[in-house]
Amino acid sequence: MKSSVFDVHEAQGTRDSKRPVTAEVVVAAIGVALIGFALAANQPWLDRHFLPSFFVPRVWYVRIQTLVRAGIAIAGLTIAVILRRPIARVATSTPAYTVAIGLAAILALGASEAVLRRVILRPTEWLSPAEEPRRRVDARLGWVLEPARTGQRVIGGRTIDYTVDGAGCRVRRLDEPVDPDRPSIVFVGESMMLGEGLTWDETIPAQVGSMLGMQSANLAVHGYSNDQAYLRLEQELPRFRRPVAVVALFMTALFGRNLDDDRPHLGPGLVWLPAEHASRLAALAALIVPYRSNETVDRGVAMTRDVLRATVALARSRGAAPLIIVPQFGAEDSAERALRLRIFDESLPSLLVVVDADWRLPWDRHPNARAAHAIAAAIAARLRAG
74 MKSSVFDVHE AQGTRDSKRP VTAEVVVAAI GVALIGFALA ANQPWLDRHF LPSFFVPRVW
134 YVRIQTLVRA GIAIAGLTIA VILRRPIARV ATSTPAYTVA IGLAAILALG ASEAVLRRVI
194 LRPTEWLSPA EEPRRRVDAR LGWVLEPART GQRVIGGRTI DYTVDGAGCR VRRLDEPVDP
254 DRPSIVFVGE SMMLGEGLTW DETIPAQVGS MLGMQSANLA VHGYSNDQAY LRLEQELPRF
314 RRPVAVVALF MTALFGRNLD DDRPHLGPGL VWLPAEHASR LAALAALIVP YRSNETVDRG
374 VAMTRDVLRA TVALARSRGA APLIIVPQFG AEDSAERALR LRIFDESLPS LLVVVDADWR
434 LPWDRHPNAR AAHAIAAAIA ARLRAG
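Remember, this note's numbering sits 73 above the position in the sequence shown when you count from 1.
See the structure below:
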């Protein structure tokens with residue numbers, strides 16, 4: 074009987090002695106996994122899953138990625154070599170405490186989700202409702218410009234007037250609305266085409282219209298993706314009796330917007346889909362770490378290609394010459410070029426316009442008046458040439 078009790082205690086002691094070793098192996102495996110991830114996340118992998126950014130220069134983007142990779146590798150090495158035993162000792166000596174920490178973390182996440190659900194969730198590209206020019210909710214497009222008003226905003230030390238006519242087009246003055254009966258060059262796009270930080274006369278549409286002696290109709294809305302721009306064109310183009318040309322804008326640095334689904338969007342086959350709302354924590358995480366899976370990027374490429382083709386077809390159906398302008402600030406890097414070539418082919422009438430990387434607004438990434446003039450001149454020359 075004594076021998077049996079002794080054997081039980083011996084077996085129990087053996088199991089207890091193995092627990093720290095097992096815990097150390099688990100902790101070390103976590104550290105090694107972090108090191109492995111840092112090594113695997115090389116630049117080609119990052120370029121596939123973290124798309125070019127309009128607001129962050131490429132060189133900054135690469136440096137940030139490099140620092141994050143280094144931080145993950147250092148953390149993994151520290152956990153595997155230095156903290157392995159202390160973490161394992163705490164986890165095995167006070168298992169109830171370890172479980173309590175895990176449970177507290179889970180409860181904290183649940184509470185955070187509940188609190189965030191009380192906050193009005195806005196689309197990624199319309200986080201500030203008071204930003205000029207003002208926008209309002211639109212059931213089909215997500216948002217449109219507030220019509221028939223003038224708003225002001227100070228950008229780069231200048232006060233810019235944003236005047237929008239009753240049809241939602243940016244114009245010089247409220248008493249000079251776009252006349253749909255006149256021959257017109259119709260422009261669609263986002264803040265760059267709208268003329269962020271530029272006076273009306275400095276905007277791309279206004280300069281093209283002046284160069285060609287023709288009315289320009291600026292249908293651009295800041296924050297728009299390519300599918301939103303197409304939906305707006307589809308809605309507004311029938312109003313114009315004599316559209317001469319339709320000019321759309323595409324930038325690889327803005328391609329990520331085409332993947333957003335927190336607003337009305339177009340799916341496969343250009344089927345209209347309502348906004349999708351993920352958990353608040355997931356949305357916040359995606360905003361901080363904009364990782365995109367291969368499947369998401371592939372779907373976005375296919376949708377964007379279909380949208381641009383549909384834009385061209387819609388323009389031609391109304392007798393207008395289509396043109397897709399592709400502004401490029403500075404030299405096009407390999408990631409940008411690879412993405413552009415996946416979307417464009419010879420069937421799309423496009424024009425790549427390279428402008429100086431420094432031709433931007435002060436403290437802003439949008440083109441300044443000099444860059445807008447270069448882009449407008451390229452558009453005008455292409456439209457003249459037919």
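Backbone N, C-alpha and C define an ideal beta-carbon position, used for all residues, glycine too.
In this structure, the straight-line span from the alpha carbon of residue 161 to that of residue 176 is close to 18 Å.
Cβ neighbours of residue 399 within its own chain (closer than 6 Å, five residues either side excluded): 323, 423, 425. Short of 7 Å from the beta carbon of residue 197, and not among the five residues preceding or following it, lie these beta carbons of its own chain, in chain order: 333, 335, 360. Counting the other Cβ atoms within 10 Å of the Cβ of residue 349 gives fewer than 16, which makes it exposed. The Cβ neighbour count for residue 298, taken over all protein chains shown within 10 Å, is at least 16; the residue is labelled buried. In terms of CA proximity to residue 378, 412 leads the group 254, 157, 412, 445. For residue 338, the secondary structure class from DSSP, reduced to helix, strand or coil, is strand. Annotation: residue 383 to residue 179 spans about 47 Å, alpha carbon to alpha carbon. Counting the other Cβ atoms within 10 Å of the Cβ of residue 291 gives 16 or more, which makes it buried. DSSP places residue 423 inside the beta strand (DSSP E), whose first and last residues are 423 to 428.
Residue 322: member of the beta strand (DSSP E) spanning 316 to 322, first to last residue. Remark: three or more beta-carbon pairs, one from each stretch, lie closer than 8 Å, so the region 435 to 454 and the region 265 to 272 are flagged as touching. Within the model, the alpha-carbon separation for residue 205 versus residue 243 is close to 12 Å. Note on the region 133 to 211: whole beta strand (DSSP E) runs with a minimum of 3 residues are 208 to 211, in chain order. As computed with DSSP, residue 400 is found in a beta bridge with 426. As far as DSSP is concerned, residue 328 takes part in no beta bridge.
Short of 8 Å from the beta carbon of residue 250, and not among the five residues preceding or following it, lie these beta carbons of its own chain, in chain order: 238, 239, 240, 242, 244. When secondary structure is reduced to three states using DSSP, residue 235 falls in the strand class. Remark: C-beta atoms of residue 254 and residue 195 do not approach each other more closely than 8 Å.
Residue 289 sits in a strand when the DSSP states are folded into three classes. The count of Cβ pairs closer than 8 Å, one atom from the region 138 to 156 and one from the region 105 to 117, reaches three, so the stretches are in contact.
Here residue 419 is exposed: its Cβ has fewer than 16 other Cβ atoms, across all protein chains shown, within 10 Å. In the DSSP assignment, residue 124 falls outside any alpha helix (DSSP H) and carries neither an H nor an E. Residue state for residue 257 is assigned as strand, using DSSP reduced to three classes. Boundaries cannot be given for residue 276, as no alpha helix (DSSP H) includes it and DSSP labels it neither H nor E. Looking at the DSSP output, residue 220 sits in no beta bridge, so it has no partner there.
By the CB criterion at 8 Å, residue 308 and residue 215 fall outside the cutoff. Sequence-distant partners of residue 303 (beyond 5 residues in either direction) whose C-beta falls short of 7 Å from its own C-beta, in its chain, are 380, 383, 384.
About 7 Å separates the beta carbon of residue 319 from that of residue 306, a gap short enough to meet the 8 Å contact definition.
In this chain, the alpha helix (DSSP H) harbouring residue 382 covers 367 to 390. Beta-bridge analysis with DSSP links residue 225 to 234. The count of Cβ pairs closer than 8 Å, one atom from the region 116 to 130 and one from the region 360 to 375, reaches three, so the stretches are in contact.
The beta carbons of residue 149 and residue 107 sit closer together than 8 Å.
Taking a contact as a CB-CB distance under 8 Å, the pair residue 252 and residue 288 counts as one, their CB atoms being some 7 Å apart.
Counting along the chain, the unbroken alpha helix (DSSP H) around residue 446 starts and ends at 442 to 458. Judged by DSSP secondary structure, residue 302 falls within the alpha helix (DSSP H) whose first and last residues are 299 to 309.
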